[in-house]
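Asks: Convert by adding 25 to the 1-based position in the sequence shown; the result is the number in my numbering.
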Amino acid sequence: MTGKILAESYEVQRILGKQTGRQTLLARDLQTQELVVIKQLFLGSDFEWQDLKLFEREAETLKALSHPGIPRHLDYLEIDEPDSKSFALVQTYVEGRTLEEHLRCGRTFSESEVKELAKLLLAILMYLHEQNPPVIHRDIKPSNILLHSRSGHSVGQVYLVDFGSVQNQAAKFGGTITVVGTYGYMAPEQFGGRSVPASDLYGLGGTLIYLVTGLHPMELSQQDLKIQFADRAKHLNPNLIHWLEWMTEPSLEKRLSSADKAFRSLDENPCAINKIKKNPLVVQPPESDIKLTKNSEFIEIIIPPKEVDFSLIAWFSAAVAANILLRIGGSNYLSVINNLLRNSLIMLSGSLLAAVVVTLLSAFRELRVRIDRHQISYTSNLLGLKWNYPRSISRQEICQLEIRQYNSNIYQMLIQAGKQKYQLGENQGLSESEITWLATELSQWLGLKIKKTLTEGKNNIWF
């Protein structure tokens, strides 16, 4: 194999790894003379189309990424040879050893090195998860982390490699469920085919537990699916132990939700972390009558009609009467008022009438927001009549959750999907606590962070 020329461009130096249907090669680019890594997927008797789908997704993902801690995409090839056909992904070569290799050789990591390593990897995850759509690695483990150029006071340059299991938000809701990852480092939700940014935090937490205990997570006992490692890490500061427990919470709702939050909480004291851990959930306000249904297939929010304030009916009657009088009364009723003032009063009463009508319609309307694997729909039901506005749009278009606070203490939540905005808030009679609860539920299900904005004035959006 050594010396073989692939696609007339790459000279094979040696085999780095091999398994059924695929291999990884170290090669030299004949044009640049730089070393590269070539991953090959063969079309043989063991070939499965799902493997090619993941292989192509890895290539497309790497092509769109640019980070010093991630190998760079160079080329994607179809290689036809007399005895085989294969697809090849070419990427930059990273010189170094994996964490797995370091640990097998007996290397140990101090607490400061573990924290440094955690921060460097979290910085890479922040970059990945902030892509639009977010990129989820799904297979973070010691053998997929490389260290290079270690110095006396630093762990060296850190690289995250092997994006063969990568998932982006656009690919998340395909027609089939694919379980990928490595036992011991896979978050529980991944066994059901679901992956969110917090799933990568679980894999990182399991990796760091391996570093501080010297044991694979599967070799450690579990209680209620929680990895029991604290008794083997008594040399660590309690802060770091609590943080690792938080990273590897089996419950997605209780786990750290983002790489940014994990990074910021790493240096907090144990009391602060415990305080946050004891209050991880935002629950439905007891007075709320909103119905929320959530499972792995869909999330649905039903907002029932509001209670009618009968003072609105009085305002409606007054507005109608005033508008009629002003239009037909003429000089008999308003002889001392000039036409300009009369017209202004007609417009004012008309505006009041329109506002009251809209409010009454909102009071009788049921609103249903549903997001499934394929689309988001926003359905209104008024006295048996149903309509969808804004129109339904592909689930893949959802890119942002935002809570807007206006200076008059009015709150609205916006779901941004492409150029469309789906709004929940004052017009549905929702309180601040209800909006916060719904935003939190959507954030956890979609794997999106919540953007919070303080806005001057108020723009009414009537849906």
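Using N, Cα and C, we set each Cβ at its ideal position, and we do this for glycine too.
1. Near Gln400, which residues of its chain fall below 7 angstroms by C-beta distance, leaving aside the five closest residues on each side in sequence?
2. How big is the Cα-Cα spacing for Leu269 and Gly131?
3. Please give me, in chain order, every unbroken run of the alpha helix (DSSP H) with length at least 4 that falls completely inside the stretch 251–280.
4. From Leu250, Lys251, Glu59 and Arg257, pick the residue whose C-alpha is nearest to that of Gly239; which is it?
5. Look up His173 in the DSSP assignment and give the residues it is bridged to.
6. Taking only runs that begin and end inside the stretch 104–154, name each unbroken alpha helix (DSSP H) of 4 or more residues, in chain order.
7. Does the distance from the C-beta atom of Leu455 to that of Ala284 stay below 8 angstroms?
8. Leu31 and Ala84 - do their beta-carbons sit closer together than 8 angstroms?
9. Measuring alpha carbon to alpha carbon, tell me which residue in Leu277, Ile170, Pro311 and Ala287 is nearest Asn320.
10. Just checking my contact of Leu146 with Ala223 at CB under 8 angstroms: how many whole Å lie between their CB atoms?
11. Once the 5 residues before and after Trp412 are set aside, which same chain residues still bring their CB inside 6 angstroms of it?
12. For Trp412, which residues does DSSP report across the bridge?
13. Keeping to the same chain, check which residues put their C-beta closer than 7 angstroms to that of Glu422; ignore five residues upstream and five downstream.
14. Apart from the five residues just before and just after Lys474, which ones in its own chain have a Cβ nearer than 7 angstroms to its Cβ?
15. For Leu245, which residues of its own chain have a beta-carbon under 8 angstroms away from its beta-carbon, when the five flanking residues on both sides are left out?
16. With DSSP collapsed to three states, give me the class of Lys444.
17. Start and end of the beta strand (DSSP E) containing Asp54?
18. Tell me the DSSP bridge mates of His98?
19. What's the C-alpha gap between Gly69 and Gly46?
Replies: Quick look at the numbers:
1. Ser417, Ile418, Ser419 and Arg420
2. 22 angstroms
3. 263–272
4. Arg257
5. Gln182
6. 124–129 and 136–154
7. no
8. no
9. Leu277
10. That pair is no contact at about 15 angstroms.
11. Ser405
12. Ser405
13. Ala442 and Gly443
14. Ser283 and Ser468
15. Ile234, Thr238, Ile252, Gln253, Phe254 and Arg257
16. coil
17. Arg47 to Asp54
18. Gln116
19. 7 angstroms
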